[in-house]
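Numbering (my numbering), first residue to last: 2 to 508. Below you'll find the structure, written out as structure tokens, and then a few comments.
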Ligand code: MV4
């Protein structure tokens, strides 16, 4: 057992705040880190202490392992939670954390490394009896080596980077004549993106769904699967909407996917939270795609339908405690949908945008969860990802969850930056989405229909909000009206008392 009293949260924005909240519920203190441009974000204030990392560029802040380790040491932390992105899937960082005598809230460096090499991951999965997409399990030396393999698989095939993942360095090859140039392109892209040019081949699957299984492992060798998430609504390998459960997954298929995911995680001695990605073919066959060895953005939809706090479980297993969830009793309840509210202009090809959140009205009420990294007054820059917040709706049925999401999206007001909000409203209104008729081509097919120039965002509410803000400012500038029964001086006395309370002194 490792005692963890204080955790360094090596991330920013919504996920840093999410982790800080879990620490507090586990009775742990949380130390935030922040770059110069992030000093006013809510995660910095929510933490028990905060350490400045330096300039905005990630290489000099959230990706600087030495600064993070120094921050953990200087503030007396016993553990480091990496969140997602940044250093979360860098095996050398996980190693450095443990070598510094701290607990890494995540899997072992060995598991991260094994899953980071996509051909090694495929070999391990094959050995564990997990179905993999037909293809090679070793890197290919050159296009002449690829030629007979591609012929054996049958075109179309996909060239993928061994160090890849997330779609980078991927190349679709339709015919044999395309193979040589595609091979060179894939290699140089991979070399550029990952500093490792190795590529391998997979049979190209047409119109699959992207289904992923959440797993949790503890130090007693127990691995549990927390059902699936439907993640087919993506754009340029960026997920925009996720839900749990998937309409395409029957209880029998869920059991088979769960067994495969458990075997996959077991094969690398998996500890903490992880996700096994599968492609589900229209035939009903499923294939291992890759494993994400981290907490994922979309974990809340699983939390809501399984009643499990995934981040608290991560913190518990990091201290050496057993998982509190038991495979036999896990049943999804109801349905959850997540919309990623991003600082991107859906009417301009989802171009990332910057600006200040001048006004924010947060949705709430029954079945609505708002996980945000920004508040009114915060600035969105281009230094990091464009995620402002995650809006998650839960309901007893998919229909209720969908209605709640629609209602919450209407409540949400963000003034100052274009966001993905109007896009999400249109998806919720789309008949194809409502039928659950999804695969990875949904957005390519529905995108134009949903975002055609006609019916650009209704500006009535933003204008109303700005008018209200201006009225507020005018009111603030004028002396407060003092009704006869409640003189202004009394309000000041209350304020002074409150301030005395806040500073904890005698005034
Ligand atoms: C595939 C595929 C079809 N066949 N592999 C994209 C990102 C990376 N994680 C793997 N990806 C794909 N691999 C085979 N053999 C289609 C994709 C793919 C995709 C997968 C999941 C979600 C969205 C996607 C969008 C385009 C392509």
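All residues carry an ideal CB built from backbone N, CA and C; glycine is no exception.
Using three-state DSSP, classify residue i as helix, strand or coil.
{"i": "residue 189", "result": "helix"}
{"i": "residue 423", "result": "helix"}
{"i": "residue 75", "result": "helix"}
{"i": "residue 307", "result": "helix"}
{"i": "residue 57", "result": "coil"}
{"i": "residue 242", "result": "strand"}
{"i": "residue 178", "result": "helix"}
{"i": "residue 63", "result": "coil"}
{"i": "residue 299", "result": "coil"}
{"i": "residue 444", "result": "helix"}
{"i": "residue 287", "result": "strand"}
{"i": "residue 338", "result": "strand"}
{"i": "residue 5", "result": "coil"}
{"i": "residue 27", "result": "coil"}
{"i": "residue 152", "result": "helix"}
{"i": "residue 485", "result": "Residue confidence is low: residue 485 scores 46 on pLDDT, short of 50, so the model does not pin down where it sits. No coordinate-derived value is stated."}
{"i": "residue 141", "result": "strand"}
{"i": "residue 318", "result": "helix"}
{"i": "residue 18", "result": "helix"}
{"i": "residue 136", "result": "strand"}
{"i": "residue 312", "result": "helix"}
{"i": "residue 225", "result": "strand"}
{"i": "residue 265", "result": "helix"}
{"i": "residue 326", "result": "coil"}
{"i": "residue 251", "result": "coil"}
{"i": "residue 106", "result": "coil"}
Per DSSP, which residues does residue i bridge with? Please list them.
{"i": "residue 173", "result": "159"}
{"i": "residue 343", "result": "388"}
{"i": "residue 230", "result": "213"}
{"i": "residue 36", "result": "55"}
{"i": "residue 236", "result": "239"}
{"i": "residue 273", "result": "218"}
{"i": "residue 204", "result": "158"}
{"i": "residue 292", "result": "277"}
{"i": "residue 50", "result": "32"}
{"i": "residue 10", "result": "33 and 82"}
Mind checking residue i: buried by the 16 CB within 10 Å criterion, or exposed?
{"i": "residue 485", "result": "At residue 485 the pLDDT is 46, less than 50, meaning the model places this residue with poor confidence and gives no usable figure here."}
{"i": "residue 177", "result": "exposed"}
{"i": "residue 221", "result": "exposed"}
{"i": "residue 366", "result": "exposed"}
{"i": "residue 409", "result": "buried"}
{"i": "residue 65", "result": "buried"}
{"i": "residue 193", "result": "exposed"}
{"i": "residue 332", "result": "exposed"}
{"i": "residue 26", "result": "exposed"}
{"i": "residue 391", "result": "buried"}
{"i": "residue 80", "result": "buried"}
{"i": "residue 67", "result": "exposed"}
{"i": "residue 362", "result": "exposed"}
{"i": "residue 119", "result": "buried"}
{"i": "residue 374", "result": "buried"}
{"i": "residue 349", "result": "exposed"}
{"i": "residue 6", "result": "exposed"}
{"i": "residue 435", "result": "exposed"}
{"i": "residue 257", "result": "exposed"}
{"i": "residue 429", "result": "buried"}
{"i": "residue 117", "result": "buried"}
Taking residue i as the reference, give the member of the options with the closest Cα.
{"i": "residue 209", "options": "235, 197 and 345", "result": "235"}
{"i": "residue 56", "options": "40, 18, 45 and 44", "result": "40"}
{"i": "residue 412", "options": "438, 369 and 396", "result": "369"}
{"i": "residue 340", "options": "328, 388 and 88", "result": "388"}
{"i": "residue 112", "options": "396, 395, 371 and 275", "result": "275"}
{"i": "residue 170", "options": "145, 202, 146 and 151", "result": "202"}
{"i": "residue 242", "options": "230, 252 and 250", "result": "230"}
{"i": "residue 218", "options": "320, 247, 19 and 140", "result": "320"}
{"i": "residue 105", "options": "318, 306, 174 and 148", "result": "318"}
{"i": "residue 232", "options": "261, 197, 205 and 278", "result": "278"}
{"i": "residue 157", "options": "283, 136 and 264", "result": "136"}
{"i": "residue 265", "options": "162, 126, 167 and 346", "result": "126"}
{"i": "residue 51", "options": "58, 60, 31 and 254", "result": "31"}
{"i": "residue 247", "options": "187, 54, 92 and 214", "result": "214"}
{"i": "residue 300", "options": "372, 325 and 180", "result": "372"}
{"i": "residue 155", "options": "163, 175, 86 and 142", "result": "175"}
Got a sec: is the Cβ-Cβ distance from residue i to anything in chain B below 8 Å?
{"i": "residue 416", "result": "Any reference to chain B falls outside this structure, which holds one protein chain only."}
| Going along the chain, which unbroken runs of the alpha helix (DSSP H) with 4 or more residues stay wholly within the region 393-420? | 399-412
| query | Which residue spans inside the region 78-104 form an unbroken alpha helix (DSSP H) run of at least 4? | reply | 92-100
| Minimum length 3: unbroken beta strand (DSSP E) runs contained in the region 344-388 | 360-362 and 369-373
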